[in-house]
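Start counting the sequence shown at 44; every next residue gets the next number (the numbering used here). We put the CB at the ideal spot given by N, CA and C, even for glycine. Please read the structure below before turning to the comments.
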Amino acid sequence: MIDPNDKSIKFNPKKHSSFTIGDLIKRIVVILCIIFVVYNIVTYKNKQASINITKNFISDTSNLVSTSNTIINKIVIEYNNNNFSNAYKQELNNSLSDLEKFNISTYSDSKFDLLKSNVSNISNETKDCIHLILNSNCAEAYTSNFINSKLSSIRK
Numbered sequence: 044m045i046d047p048n049d050k051s052i053k054f055n056p057k058k059h060s061s062f063t064i065g066d067l068i069k070r071i072v073v074i075l076c077i078i079f080v081v082y083n084i085v086t087y088k089n090k091q092a093s094i095n096i097t098k099n100f101i102s103d104t105s106n107l108v109s110t111s112n113t114i115i116n117k118i119v120i121e122y123n124n125n126n127f128s129n130a131y132k133q134e135l136n137n138s139l140s141d142l143e144k145f146n147i148s149t150y151s152d153s154k155f156d157l158l159k160s161n162v163s164n165i166s167n168e169t170k171d172c173i174h175l176i177l178n179s180n181c182a183e184a185y186t187s188n189f190i191n192s193k194l195s196s197i198r199k
């Protein structure tokens with residue numbers, strides 16, 4: 044301590060000798076709490092990023108499956124009506140473009156692999172059906188069997 048009167052430094056050994064194990068434990072606990080708080084702040088940002096990636100993946104897969112379902116339903120209805128008109132084929136081309144906008148291959152987390160594989164299969168089978176209809180002029184046994192096999196593959 045600095046004495047304000049004579050500006051000398053005075054050391055009181057009794058004051059400093061009263062440092063106990065309890066004081067040491069208190070300081071260790073405070074330091075551990077600070078480390079814990081800093082760790083949680085840093086990991087919270089990483090957890091939020093992971094949660095956002097999962098939300099985006101679920102949204103993208105949901106949209107892709109919904110779009111595929113809509114396209115397949117339309118294909119079945121129009122096929123049963125023997126509609127192979129140019130206007131319908133243009134609509135299918137637009138649907139194909141919509142379907143290709145979804146890119147789930149960008150999600151690299153291994154927890155998505157099985158779902159990503161299944162959704163990619165649905166997308167590919169839907170694209171195959173679209174290409175078949177675009178290259179067909181009428182309903183026939185081959186196209187019917189092809190569409191049925193693709194639908195069976197999607198249902199599995």
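Using 8 angstroms for Cβ pairs, my map puts residue i next to residue j. What's the rounded Cβ distance?
i      : j      : result
Leu158 : Ser111 : Contact flag wrong, Cβ pair sits at about 14 angstroms.
Leu135 : Ile176 : 6 angstroms
Ile115 : Leu194 : 7 angstroms
How far does the alpha helix (DSSP H) with residue i in it extend, from its first residue to its last?
i      : result
Asp141 : 129-144
Ala184 : 184-198
Lys154 : First-last for Lys154: undefined, no H or E at that position.
How many angstroms separate the CA atom of residue i from the CA atom of residue j?
i      : j      : result
Ala130 : Ser153 : 42 angstroms
His174 : Ile165 : 14 angstroms
Asn146 : Lys88  : 25 angstroms
Asn191 : Val85  : 52 angstroms
Gly65  : Ile94  : 42 angstroms
Ser196 : Asn167 : 11 angstroms
Val73  : Leu67  : 10 angstroms
Lys69  : Leu75  : 10 angstroms
Ser160 : Thr113 : 20 angstroms
Ile77  : Asp49  : 40 angstroms
Tyr122 : Lys98  : 36 angstroms
Asp156 : Ser102 : 16 angstroms
Ile71  : Thr63  : 13 angstroms
Glu183 : Lys144 : 31 angstroms
Does the Cβ-Cβ distance between residue i and residue j come in under 9 angstroms?
i      : j      : result
Cys172 : Asn125 : no
Ser179 : Thr169 : no
Ile189 : Tyr150 : For the record, residue 189 in the displayed sequence is Phe; it is not Ile. Against a cut-off of 9 angstroms, the Cβ pair of Tyr150 and Phe189 comes out as no contact.
Ser148 : Ser163 : yes
- [ ] Check whether the stretch 96-111 touches the stretch 67-83, counting contact only when three or more Cβ pairs, one atom from each stretch, lie closer than 8 angstroms.
- [x] A contact is defined here as three or more CB-CB pairs under 8 angstroms, and the stretch 96-111 fails this definition with respect to the stretch 67-83.
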